[in-house]
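Protein chains: 2
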Amino acid sequence: MSIGFDLDKMLSGHSRTIARAITLVENGGDGAAEVMKAVFPNTGKATVIGITGAPGAGKSSLVDKLALYYKDQGNKVGIVCIDPSSPFSGGAILGDRIRMATLGLDKNVFIRSMATRGNLGGLSRATVDAVAILDAAGFDKIIVETVGVGQDEVEIVKTADVSVVVLVPGMGDDIQAIKAGIMEIGDVFVINKADREGVLRTQKELEALLSLAHRPDMWNPPIIKTVATENKGIDDLSAAVQSFLEFQSTNKQAGERRRAIAKWRLTELLRERLLADLLADDGIRSKLDCLASKVAAKSIDPYSAVNAILHKD
Amino acid sequence: MSIGFDLDKMLSGHSRTIARAITLVENGGDGAAEVMKAVFPNTGKATVIGITGAPGAGKSSLVDKLALYYKDQGNKVGIVCIDPSSPFSGGAILGDRIRMATLGLDKNVFIRSMATRGNLGGLSRATVDAVAILDAAGFDKIIVETVGVGQDEVEIVKTADVSVVVLVPGMGDDIQAIKAGIMEIGDVFVINKADREGVLRTQKELEALLSLAHRPDMWNPPIIKTVATENKGIDDLSAAVQSFLEFQSTNKQAGERRRAIAKWRLTELLRERLLADLLADDGIRSKLDCLASKVAAKSIDPYSAVNAILHKD
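Residue numbers (our numbering), protein chains in the order written: chain D, 339 to 651; chain Y, 339 to 651.
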């Protein structure tokens, strides 16, 4: 079986083999499909924790401290960091190395930044695949960290077993907008940098917003205060995550959530595949280039151009 | 010709007709295609200004003040706000009304928040279509504002004639990540809330990063300091935007940029259409539901499931 890496070595947790498998799923196509076919039957044991929030909320520090906490408890911890806004993969790799140095260079911690490769999308799909690889490789806790707060990032965090939303005191005039969007995905809320002014106001605002929301599962998301840089509140966060997981395990809607995630995953994969299959044709690609020039020159509208590509005009 | 709204009324700038046309493109499908076929020949006159940056940077205030500035100069100004993280359209509409009250309820300012509708994606495409509608309706300046900093938002901002990136002093530990991603899209940088501590450091960091970047067009992005809430620096921002537009107009690569944007637009449209066409089939939709349950139960891997849907197994 030639899948570009040694499956048994990967399943035993060999870091470089894991890294190679993740690169294969990042690249997409047949390679990704083969990796995932081999990996998928070995998944389902890890706890996946999604962490999102605004830039500047101190998510990286929080993730590092939570990872250390889990590691100290004897867990193997994987971190998958989604940074779609950074096209400089060099920067991401450098960042990973700095964080690895903090977290300890042993085989119980694995950290990987996912970057956007090419224009075919697929970052969401590749990230979820990377989590599956770490799961199969025996990592107990996998933390998915997003730098952005865009639609894709929110979708990825939704695929975690538990979603943590990080806020900071006094975030200014965009906070209502952020809160509105993340309220429905947050299973646990964190107010980080809680030694700053305005904690109480942020907490009151958040409580008010949460009291308006009605979750179908009747879970009441806790609000945890942390100062990640000083390692404060990390145990509270870990306990809150654990409470939600226990709540979920007794919840009838957990199966429904898993099905919804699987459907989202298939839809993402279909979206990527359909476009890739179409653009695999040289003729279609040059037609696309030609029509793009015509759209730029305003001699055809984009919808008619797409009809022309799909032969539906 | 039945396109769900009165084209002439829309072209003359009638607000409610514009709003109806935008709703049609938001809904996608044949309605969107018909609207855009009618609208497209009338586009190409507006200046499109994309504004992005981290939540909490005060983008809304900055956009409002810039819009007022343009309006006072006799322009018709459209604002399209992308808030993918907010599934509560009620909130977005309320926000629009509040801002309309600030900006003045006359027909020279039009503001619209774009929301994610359904699961088929298409927000990027709908936003670019909404800009085209405002362009055709005679708006001179169209400001596209994004709340998030995700991949989709960055792509949308890239389609503008000029991209403005907003930072604030002392954004914390995520600033490197943000900067890395937005450096390549920023034609003009703004340090807002420039009455705060740490302005000089943020400026020095930004200058250092910009000095490392080599833009293919040799443009040197200016850094503007503003205090939007006090209306300070808005004229400087307007002048910087104008400089870039003049630079672009003499630049040979402007045509290349337009073609790249058109190609991105067609690709987005194709991505949306291919999936929508596939899922228009009842049989495929129930097959997707059935396979999602199997993936959730781990009896099939997602890639094999997608092959089964596409009959490629």
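Backbone N, C-alpha and C fix where the C-beta goes; we use that ideal spot for every residue, glycine too.
In this structure, how does DSSP classify residue i when only helix, strand and coil are distinguished?
i: Val638 of chain D; result: Reading the sequence as shown, one finds Ile at residue 638 of chain D and not Val. Correct three-state label for Ile638 of chain D: coil.
i: Ser631 of chain Y; result: helix
i: Val506 of chain D; result: coil
i: Lys479 of chain Y; result: strand
i: Ser462 of chain Y; result: helix
i: Ile341 of chain D; result: coil
i: Ser279 of chain Y; result: Residue 279 of chain Y lies beyond the range of chain Y shown here (339 to 651); nothing can be said about it.
i: Ser353 of chain D; result: helix
i: Ser427 of chain Y; result: Model confidence at Ser427 of chain Y stands at a pLDDT of 36, short of 50, so the residue's coordinates are unreliable; what they give is reported in the following sentence. Of the three classes helix, strand and coil, the one that applies to Ser427 of chain Y here is helix, per DSSP.
Nearest CA to the CA of residue i: which residue from the options?
i: Thr361 of chain D; options: D:Ser350, D:His352, D:Gly351, D:Val373; result: D:Val373
i: Pro560 of chain Y; options: Y:Leu538, Y:Phe585, Y:Val528; result: Y:Val528
i: Val526 of chain Y; options: Y:Trp557, Y:Ser451, Y:Pro379, Y:Asp639; result: Y:Trp557
i: Asp574 of chain D; options: D:Ala475, D:Ala359, D:Asp619, D:Tyr407; result: D:Tyr407
i: Asn413 of chain D; options: D:Val363, D:His352, D:Val447, D:Gly366; result: D:Val447
i: Thr462 of chain D; options: D:Leu607, D:Leu617, D:Pro379; result: Reading the sequence as shown, one finds Ser at residue 462 of chain D and not Thr. Closest by alpha carbon: D:Leu607.
i: Phe343 of chain Y; options: Y:Ala359, Y:Leu349, Y:His352; result: Y:Ala359
i: Asp627 of chain D; options: Y:Phe477, Y:Ala630, Y:Leu604, Y:Thr385; result: Y:Leu604
i: Ala357 of chain D; options: D:Leu617, D:Ala470, D:Val500; result: D:Ala470
i: Thr497 of chain Y; options: Y:Arg596, Y:Thr567, Y:Thr381, Y:Leu544; result: Y:Arg596
i: Lys375 of chain Y; options: D:Val633, D:Ile647, D:Lys403; result: D:Val633
i: Asp478 of chain Y; options: Y:Lys625, Y:Lys409, Y:Gln541; result: Y:Lys409
i: Asn380 of chain D; options: D:Lys445, D:Leu472, D:Gly416; result: D:Leu472
i: Thr567 of chain Y; options: Y:Val386, Y:Asp533, Y:Leu629; result: Y:Asp533
i: Thr465 of chain D; options: D:Ala370, D:Ser350, D:Leu617; result: D:Ala370
i: Val482 of chain D; options: D:Phe378, D:Arg450, D:Pro507, D:Ala635; result: D:Arg450
i: Ser712 of chain D; options: Y:Phe378, Y:Leu400, Y:Gly508, Y:Lys570; result: Nothing can be reported for residue 712 of chain D: it is not among the residues displayed for chain D, which extend from 339 to 651.
i: Glu545 of chain Y; options: Y:Ile562, Y:Glu535, Y:Pro554; result: Y:Ile562
i: Leu648 of chain D; options: Y:Leu616, Y:Gly366, Y:Lys542; result: Y:Leu616
i: Lys383 of chain Y; options: Y:Thr355, Y:Leu349, Y:Ala405, Y:Ser353; result: Y:Leu349
i: Ala635 of chain D; options: Y:Ala600, Y:Ile622, Y:Ile572, Y:Lys625; result: Y:Ala600
Please confirm if residue i has its CB atom under 7 Å from at least one CB of chain D.
i: Arg450 of chain Y; result: no
i: Gly382 of chain Y; result: yes
i: Val644 of chain Y; result: yes
i: Val633 of chain Y; result: yes
i: Leu406 of chain Y; result: no
i: Asp478 of chain Y; result: no
i: Asp573 of chain Y; result: no
i: Asp639 of chain Y; result: yes
i: Phe527 of chain Y; result: no
i: Arg597 of chain Y; result: yes
i: Phe582 of chain Y; result: no
I want to see whether chain Y comes within less than 7 Å of residue i, judged by CB atoms only; does it?
i: Lys375 of chain D; result: yes
i: Leu432 of chain D; result: A caution first: Leu432 of chain D carries a pLDDT of 49, below 50, which makes its placement in the model unreliable, though a value can still be read off. No, Leu432 of chain D does not count as interfacial toward chain Y.
i: Ala600 of chain D; result: yes
i: Arg623 of chain D; result: no
i: Ala630 of chain D; result: yes
i: Ala475 of chain D; result: no
i: Phe343 of chain D; result: no
i: Leu607 of chain D; result: yes
i: Leu548 of chain D; result: no
i: Asn569 of chain D; result: no
i: Leu612 of chain D; result: yes
i: Lys563 of chain D; result: no
i: Lys414 of chain D; result: no
i: Arg653 of chain D; result: Outside the shown range of chain D (339 to 651) lies residue 653 of chain D, about which nothing can therefore be said.
i: Arg603 of chain D; result: yes
i: Lys636 of chain D; result: yes
i: Phe585 of chain D; result: no
i: Met348 of chain D; result: no
Review point. Which runs of the beta strand (DSSP E) fall wholly inside the stretch 368-425 of chain Y and span at least 3 residues, in chain order?
Key: Scanning the stretch 368-425 of chain Y from its first residue to its last, the whole beta strand (DSSP E) runs of 3-plus residues come out as 385-391, 415-420.
Review point. Taking only runs of the alpha helix (DSSP H) that begin and end inside the stretch 512-593 of chain Y, which ones reach a length of at least 4 residues, in chain order?
Key: Every alpha helix (DSSP H) stretch that sits fully inside the stretch 512-593 of chain Y and reaches 4 residues is listed by chain position as 513-521, 537-550, 572-587.
Check your understanding: Looking at chain Y, which residues of the stretch 350-372 of chain D have a Cβ within less than 9 Å of any of its Cβ atoms?
Key -> Ala370, Ala371, Glu372
**Study point:** Members of the stretch 383-403 of chain Y near chain D, C-beta cut-off 8 Å
**Key:** Ala392, Pro393, Gly394, Ala395, Gly396, Lys397, Ser398, Ser399
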